[in-house]
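Asks: Please find one structure pasted underneath; my questions will follow.
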């Protein structure tokens, strides 16, 4: 019920390509779905987040697609750049108190 | 912008020492959290607090305690550090309510010798 599954575990993409990371949740009580980006030796930084009543949210090259009926959401990084190389975590939260994180995806963008 | 600060970026301690990790947030957030992050294990919740002087155990509280005397400050205490507590420690805060999310500090990398 509390788990968030994330795939793939690692991803290698050529510069300019599209990176896609998928997550799935079980608990329908979650009310917010953020994505975090983490560089080595740094804390995770909030990248983009979506509410469950919205099917898509775009900020620059980053887009979240949300499928409420399937209980799945995904992060798309368009025109991927070497500077996007980082670990990405999806998460699901309820009322700002109950947070569940995916295990993370290590993205490498080749120049 | 939300700012979460942690007292140290790097710490080296000896086995058996008492260790204090401090976290301060400047956004008047109700909730504060301590995680540890280890390769291959993701983020694991140690303790969280949803109000001053309140604390709740997370998934891995053994060997740790916490203190929240003021709303903006949340301390993690290792009563007697052990080598298996060598890790990256992350503090986070969030507001209470729907569609609220966590904001993380830069992390403290602790090495216990």
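Protein chains in written order, with our numbering: chain A, 43 to 153; chain B, 1150 to 1262. For every residue, glycine included, the Cβ atom is placed at its ideal position computed from N, Cα and C. These figures come from a predicted structure and were not determined experimentally.
Excluding the five sequence neighbours on either side, which residues of its own chain have a C-beta within less than 8 angstroms of the C-beta of residue 1202(B), listed in chain order?
Replies: Position 53 of the second chain holds residue 1202(B). Exclusion of the five residues before and after residue 1202(B) leaves 1217, 1218 as the residues of its chain whose Cβ lies within less than 8 angstroms of its Cβ.
Asks: Going by beta carbon distance, what residues of the same chain come within less than 6 angstroms of residue 1192(B), once the five residues before and after it are set aside?
Replies: On the second chain, position 43 is the one that residue 1192(B) refers to. For residue 1192(B), same chain residues with a beta-carbon under 6 angstroms away, outside a window of 5 residues either side, are 1184, 1186 in chain order.
Asks: Of the residues 90(A), 48(A), 153(A), which one's Cα is nearest the Cα of residue 121(A)?
Replies: The count along the first chain starts at 1 and reaches residue 121(A) at position 79. The option with the nearest alpha carbon to residue 121(A) is 153(A).
Asks: Among 1158(B), 1165(B), 1206(B), 1159(B), whose alpha-carbon lies nearest the alpha-carbon of residue 1231(B)?
Replies: The sequence position of residue 1231(B) within the second chain is 82, counting from 1. Nearest C-alpha to residue 1231(B): 1165(B).
Asks: According to DSSP, residue 1155(B) sits in a beta bridge with which residue or residues?
Replies: Indexing the second chain from 1 puts residue 1155(B) at position 6. Partner(s): 1172(B).
Asks: Determine, using beta carbons only, whether residue 1246(B) comes closer than 8 angstroms to chain A.
Replies: The sequence position of residue 1246(B) within the second chain is 97, counting from 1. Yes, because at least one Cβ of chain A sits closer than 8 angstroms to the Cβ of residue 1246(B).
Asks: Kindly indicate which three-state DSSP category residue 123(A) falls into: helix, strand or coil?
Replies: Taking the first residue of the first chain as position 1, residue 123(A) is located at position 81. Of the three classes helix, strand and coil, the one that applies to residue 123(A) here is coil, per DSSP.
Asks: Quick one: is residue 1207(B) near chain A, going by C-beta distance under 8 angstroms?
Replies: The residue labelled residue 1207(B) in the question sits at position 58 within the second chain. Closer than 8 angstroms: no.
Asks: Whose CA, out of 150(A), 61(A), 140(A), 83(A), lies closest to the CA of residue 1208(B)?
Replies: In the second chain, the residue the question calls residue 1208(B) occupies position 59. Of the candidates 150(A), 61(A), 140(A), 83(A), the one whose C-alpha sits nearest the C-alpha of residue 1208(B) is 140(A).
Asks: Of all the CB atoms in chain B, is at least one closer than 8 angstroms to the CB of residue 57(A)?
Replies: Sequence index remark: in the first chain, residue 57(A) carries index 15 (1-based). No, because no Cβ of chain B sits closer than 8 angstroms to the Cβ of residue 57(A).
Asks: Residue 1248(B) and residue 1212(B) look like a contact to me (Cβ under 8 angstroms); what is the Cβ gap, rounded to whole Å?
Replies: Looking up residue 1248(B) in the second chain gives position 99. Looking up residue 1212(B) in the second chain gives position 63. With a contact defined as Cβ atoms closer than 8 angstroms, residue 1248(B) and residue 1212(B) miss out at about 34 angstroms.
Asks: In three-state DSSP terms, what is residue 1232(B)?
Replies: As a position in the second chain, residue 1232(B) is number 83, starting the count at 1. In the structure shown, residue 1232(B) sits in a helix (DSSP, three-state: H, G or I).
Asks: Should residue 1242(B) be labelled buried (16 or more other beta-carbon atoms within 10 Å of its own) or exposed?
Replies: Here residue 1242(B) refers to the residue found at position 93 when the second chain is read from its first residue. When all chains shown are included, residue 1242(B) counts as buried.
Asks: Determine the extent of the beta strand (DSSP E) in which residue 46(A) is found, giving its start and end residues.
Replies: Your numbering for residue 46(A) matches position 4 in the first chain. For residue 46(A), the enclosing beta strand (DSSP E) stretches over residues 46 to 49.
Asks: Per DSSP, what are the beta-bridge partners of residue 92(A) in this structure?
Replies: The count along the first chain starts at 1 and reaches residue 92(A) at position 50. For residue 92(A), which the question treats as bridged, DSSP gives the partners 75(A).
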